[in-house]
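Take a look at the structure below.
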Amino acid sequence: MLLGVIADDFTGASDIAGFLVENGMRTVQLNGVPTLDTDIDADAVVISLKSRSCPVNEAVSDSLAALTWLQQKGCQQFYFKYCSTFDSTAKGNIGPVTDALLDALGETFTIVCPALPVNGRTVFNGHLFVLGEPLNESGMRHHPVTPMTDSSVVRLMKAQSRGEVGLVNYQTISSGCAQTRSKFEELQSQGIRYAVVDAINAEHLHTLGEAAKHLKLVTGGSGLASGIAKNWAGHLADQSEAKAAGYPKKGKTVILSGSCSVMTNKQVAVYQAKAPHYAIEVEACLSDEAYGQEVCEWVLANLDDEYAPMVFATAEAEKLKAIQEKHGAEASSLAVERLFSQLAHQLKEQGVKNFIVAGGETSGTVTQSLAVSGFHIGPQIAPGVPWVRALDGDLSLALKSGNFGDEAFFEKAQEFFL
Numbered sequence: 002m003l004l005g006v007i008a009d010d011f012t013g014a015s016d017i018a019g020f021l022v023e024n025g026m027r028t029v030q031l032n033g034v035p036t037l038d039t040d041i042d043a044d045a046v047v048i049s050l051k052s053r054s055c056p057v058n059e060a061v062s063d064s065l066a067a068l069t070w071l072q073q074k075g076c077q078q079f080y081f082k083y084c085s086t087f088d089s090t091a092k093g094n095i096g097p098v099t100d101a102l103l104d105a106l107g108e109t110f111t112i113v114c115p116a117l118p119v120n121g122r123t124v125f126n127g128h129l130f131v132l133g134e135p136l137n138e139s140g141m142r143h144h145p146v147t148p149m150t151d152s153s154v155v156r157l158m159k160a161q162s163r164g165e166v167g168l169v170n171y172q173t174i175s176s177g178c179a180q181t182r183s184k185f186e187e188l189q190s191q192g193i194r195y196a197v198v199d200a201i202n203a204e205h206l207h208t209l210g211e212a213a214k215h216l217k218l219v220t221g222g223s224g225l226a227s228g229i230a231k232n233w234a235g236h237l238a239d240q241s242e243a244k245a246a247g248y249p250k251k252g253k254t255v256i257l258s259g260s261c262s263v264m265t266n267k268q269v270a271v272y273q274a275k276a277p278h279y280a281i282e283v284e285a286c287l288s289d290e291a292y293g294q295e296v297c298e299w300v301l302a303n304l305d306d307e308y309a310p311m312v313f314a315t316a317e318a319e320k321l322k323a324i325q326e327k328h329g330a331e332a333s334s335l336a337v338e339r340l341f342s343q344l345a346h347q348l349k350e351q352g353v354k355n356f357i358v359a360g361g362e363t364s365g366t367v368t369q370s371l372a373v374s375g376f377h378i379g380p381q382i383a384p385g386v387p388w389v390r391a392l393d394g395d396l397s398l399a400l401k402s403g404n405f406g407d408e409a410f411f412e413k414a415q416e417f418f419l
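Read left to right, the sequence shown gives residues 2 to 419 (the working numbering).
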């Protein structure tokens, strides 16, 4: 095992796994920390946790358990994967988890690289941009769990971690690997623990990957994965057969959308004009014990349509705010996730084989409910969103982070069935 990835949510795990496969690494995604006797034959293993917005102590504990398993399997380099929009709060969880991983590895320095230019996430002079807008002016400022109100990754990291935070700007990175690595060494000699790195294009990511080859731990979004994978090119064999194992097969399919991101709102609106759709009522989730069965029966009645039926809790910012003010943000979120969990389990029992899921929290809930232990990684529907197929069954999932994919994503996902 060459590379071990600890991902803080399920969509993020499939996101980076897809990029590793595209860059030649035989990759398996595991859901949760496996037992020691779990035997995996792969160049890279991605362990997906549900640690993005859970209590800090739980996130740290789960991440360290994943690290221990990877170390016991002889892994050579480690990658802490978080969202390209740096989803976190003033207390974590990105900073505390990275602190803990560095300490456990006996290391004193790593890089912070959330950039994913192919999906419009760039870092310029330490500030994170989403499709050209500063993070705090993008749709992420309305995120129901981790609203992002500052675009400075340096400030964000400093507020939630131990140690000093420095910056490696785009001019240095544009100068090449040698200069970038020299800057890493300079910052480390100054006692800097974390280096936030600029990246505004794919070439920057490749330079950063090469410059970070010697680091035991790297951290970032999925964009850096392509550069890191290239470092292992001499160790990789053809993996077209492994990639083929991740293709979905034609069968009963459903779309479950819990994300309230700007792009998912657009995707839901476009898909509503094509396919059967059901809007979840939060009040019913909270008060009607029979509501889940009602939604399930609606899905089952619409599975034979040309396009898969869609159940969605997706709402625009103003409507979401009104729902949260009326029912409470946490109570509303938990009620909807409980419904998705119940629904996924019931639909699996009724023979649904393919699940297209939008939203990190929703993807984690659905994957856990389906009791899938791990995945083969298949073709990418959009950058960062591959189809994945269960290692131990015939279920396939497409786990989509909120703002990933274009407006026709839900329809495009169904074009890959064999």
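Cβ coordinates follow ideal geometry from the N, Cα and C atoms, glycine included.
Within the chosen definition, does the stretch 98-108 reach the stretch 184-191 through at least 3 CB pairs nearer than 8 Å?
The stretch 98-108 is not in contact with the stretch 184-191.
Is the stretch 108-125 touching the stretch 31-45 in the sense that three or more CB pairs, one from each, lie closer than 8 Å?
With the rule of 3 Cβ pairs closer than 8 Å, the stretch 31-45 does not count as touching the stretch 108-125.
Excluding the 5 residues preceding and the 5 following GLY164 in the sequence, name in chain order all residues of the same chain whose CB lies nearer than 7 Å to its CB.
Correct list, in chain order: ARG194 and TYR195.
Note down, in chain order, each residue of its chain lying with its Cβ closer than 8 Å to the Cβ of PHE417, except the 5 sequence neighbours on either side.
If we look at PHE417 and ignore the five residues flanking it on each side, its Cβ neighbours are TYR248, PRO249, GLY379, PRO380, ILE382 and TRP388.
Less than 7 Å separating the beta-carbons of VAL367 and VAL300?
Contact flag unset, no.
Going by DSSP, what residues sit across from VAL98 in a beta bridge?
BP columns for VAL98 are empty, so no partner.
What are the start and end residues of the beta strand (DSSP E) that includes LYS82?
Where LYS82 is concerned, the enclosing beta strand (DSSP E) stretches over 78-82.
Beta-bridge pairing of ASN404 - partner residues as DSSP gives them:
DSSP, once it has assigned bridges, lists no residue as partnering ASN404.
Can you tell me which of the three DSSP states SER258 falls into?
In the structure shown, SER258 sits in a strand (DSSP, three-state: E or B).
Helix, strand or coil for VAL61? Go by DSSP, reduced to three states.
Correct three-state label for VAL61: helix.
Of the choices HIS143, LYS92 and VAL198, whose alpha-carbon is the least far from that of HIS128?
Looking at the Cα atoms, VAL198 is the closest of the given residues.
Is the stretch 53-71 in contact with the stretch 87-105, if contact means three or more CB pairs nearer than 8 Å?
The stretch 53-71 and the stretch 87-105 touch, with no fewer than 3 CB-CB distances between them shorter than 8 Å.
If you compare alpha carbons, which of CYS76, ILE7 and MET26 is closest to GLY235?
Selected option, being the one with the closest Cα: MET26.
Can you tell me where the alpha helix (DSSP H) holding HIS328 begins and where it ends?
Taken as a continuous stretch (DSSP letters only), the alpha helix (DSSP H) holding HIS328 covers 318-328.
Look at the alpha carbon of SER227 and the alpha carbon of PRO118, and state the distance between them as a whole number of angstroms.
Within the model, the alpha-carbon separation for SER227 versus PRO118 is close to 12 Å.
Measure the C-alpha to C-alpha separation of LEU218 and PHE185 and round it to an integer number of angstroms.
Whole-angstrom Cα-Cα distance: 13 Å.
Check whether ALA323 and ILE281 have beta carbons under 7 Å apart
No, these two residues do not count as a Cβ contact at 7 Å.
Within 8 Å, do at least three Cβ pairs link the stretch 393-402 to the stretch 348-368?
In the pairwise beta carbon analysis, the stretch 348-368 is classified as touching the stretch 393-402: at least three pairs are separated by under 8 Å.
According to DSSP, is GLN381 part of a helix, a strand, or is it coil?
Here GLN381 sits in strand by DSSP.
Within 8 Å, do at least three Cβ pairs link the stretch 73-91 to the stretch 149-167?
Verdict: yes, contact present.
For the beta strand (DSSP E) holding ALA274, just list the boundary residues, first then last.
From DSSP, ALA274 is part of no beta strand (DSSP E); its letter is neither H nor E.
Pairs of beta-carbons, one from the stretch 346-357 and one from the stretch 26-35, closer than 8 Å: are there three or more?
Cβ pair count under 8 Å is below three, so no.
State the CB to CB distance for the pair VAL386 and GLY360, rounded to an integer number of angstroms; the pair is presumed to be in contact (CB under 8 Å).
That pair is no contact at about 12 Å.
With DSSP run on the structure shown, which of helix, strand or coil describes ARG27?
Note: ARG27 maps to coil in three-state DSSP.
Going by the beta-carbon positions, is the gap between VAL124 and ALA200 smaller than 7 Å?
In this structure, ALA200 lies closer than 7 Å to VAL124 by Cβ.
Count the other C-beta atoms from every protein chain shown that fall within 10 angstroms of the C-beta of ASP10, then say buried if there are 16 or more, exposed otherwise.
Flag for ASP10 reads buried.
Assigned secondary structure, ILE281 (DSSP; H/G/I helix, E/B strand, else coil):
ILE281: coil per DSSP, three-state reduction.
For THR36, count the other beta carbons within 10 Å of its own beta carbon; 16 or more makes it buried, fewer makes it exposed. Which is it?
Answer is exposed; the Cβ neighbour count stays below 16.
Is it right to say HIS205 is buried, meaning 16 or more other beta carbons lie within 10 angstroms of its own, or is it exposed?
By the 10 Å Cβ count, HIS205 comes out buried.
Do ALA66 and ILE48 have their C-beta atoms within less than 7 Å of each other?
For ALA66 and ILE48, no; Cβs fall outside 7 Å.
In its own chain, which residues sit with a C-beta less than 8 Å from the C-beta of SER52, not counting the 5 before and 5 after it?
Excluding positions up to five away in sequence, the list reads ASP9, ASP10, GLU59, ALA60, ASP63, SER64, ASN94 and VAL98.
Could you check the C-alpha separation between HIS346 and ALA372 for me, to the nearest Å?
So the two alpha carbons sit approximately 9 Å from each other.
Quick check on DSSP: helix, strand or coil for LEU472?
The shown model of the chain, from 2 to 419, leaves out residue 472, and the question about it has no answer.
Go ahead and pull the three-state DSSP assignment for MET311.
Looking at MET311 - three-state DSSP - the assignment turns out to be strand.
For CYS178, the residue or residues it bridges with in DSSP:
None, per the DSSP bridge assignment.
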